[in-house]
Each structure stands twice: as C-alpha cells, then as structure tokens.
Amino acid sequence: MAVDEHDRPVDFMLLDGSHMEALFVDPAHHGAGVGRRLVEAALRRHPDLSTDVNEQNEAAAGFYERLGFERCGRSARDGQGRPYPLIHLRYRGGKPD
Numbered sequence: 001m002a003v004d005e006h007d008r009p010v011d012f013m014l015l016d017g018s019h020m021e022a023l024f025v026d027p028a029h030h031g032a033g034v035g036r037r038l039v040e041a042a043l044r045r046h047p048d049l050s051t052d053v054n055e056q057n058e059a060a061a062g063f064y065e066r067l068g069f070e071r072c073g074r075s076a077r078d079g080q081g082r083p084y085p086l087i088h089l090r091y092r093g094g095k096p097d
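Position 88 of the sequence shown, counted from 1, bears residue number 88 in the working numbering, the numbering being contiguous throughout.
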C-alpha cells in the first residue's frame, strides 16, 4: 500500500490466492504508477494472477491489458448474481508494456 505525504493510504489490493478481488487507487493518484507497482508485486507471488472487471469499465480492462493480462472469458452476472457483466482476465506472462 502506498501512502501520500500525510501518511494516508492512496491504494489497496485484495487477493484471494491468485485471484485479485479488488484494486483501488485514489483518483488523485491515477497515472502515478502506484497501481502498476501493486500488480507487479502480486505477480511476483502469483504469476498466474487473474482478476475480473465490470464489462463497461474499459479503462480498467485496458490498464490490465497493458500490464500483460488477456481476456479469457465473460460472465453475464457478477459474483453476487446481479446483472453486471464481468470480463475475466488472466496474466499471460511476459513483461508489462
């Protein structure tokens, strides 16, 4: 977790084994590399890392694809059975772009 100059958290990640359940970066820190560093740290522990993103969140899907993830499936409903389609992504290996 990164912190700002006032020692406040600016990001967090939640892992369940090799599946990333959540990644949050404070919008004020988007583009600063903190999310990328969290994902890279997780990949060192879990080279088969996977995650899901809401289908309408192309910015998140693009972020993961730039880091070397590929789309490997889709679900019409989220994990709670709600009608929020998910795109499933898995790390394909190699170096991030």
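Just so you know, even glycine gets a beta-carbon here, dropped at the ideal spot from N, CA and C.
Bear in mind the structure is a predicted one, so any value in this text is a computation, not a measurement.
Inset, instruction - Compute the beta-carbon to beta-carbon distance between M13 and A42, rounded to the nearest angstrom, for a pair I have assumed lies under 8 angstroms. - result: With a beta-carbon spacing of about 6 angstroms, M13 and A42 fall inside the 8 angstroms limit used to define contacts.
Legend entry - Residue burial classification, D48 (beta-carbon count within 10 angstroms, cutoff 16): With fewer than 16 Cβ atoms within 10 Å of its Cβ, D48 is classed as exposed.
Legend entry - Proximity of D52 and H88 at Cβ, strictly below 8 angstroms: It is a contact, given that the beta carbons lie within the stated cut-off.
Legend entry - Length of the line joining the Cα atoms of V25 and D4: Take the alpha-carbon of V25 and the one of D4: they are about 12 angstroms apart.
Inset, instruction - Express the C-alpha separation of A32 and H19 in angstroms, rounding to a whole number. - result: Straight-line Cα distance between these residues: approximately 24 angstroms.
Legend entry - Minimum C-alpha distance to A103 - residue among P85, R8, R45 and R44: Since the first and last residues shown for the chain are 1 and 97, residue 103 lies out of range.
Inset, instruction - Using alpha carbons as the reference points, say which of Y91, R82, S75 and P83 lies closest to E65. - result: When each option's Cα is compared against that of E65, the closest is Y91.
Legend entry - DSSP state of L67 mapped onto helix, strand, coil: Note: L67 maps to coil in three-state DSSP.
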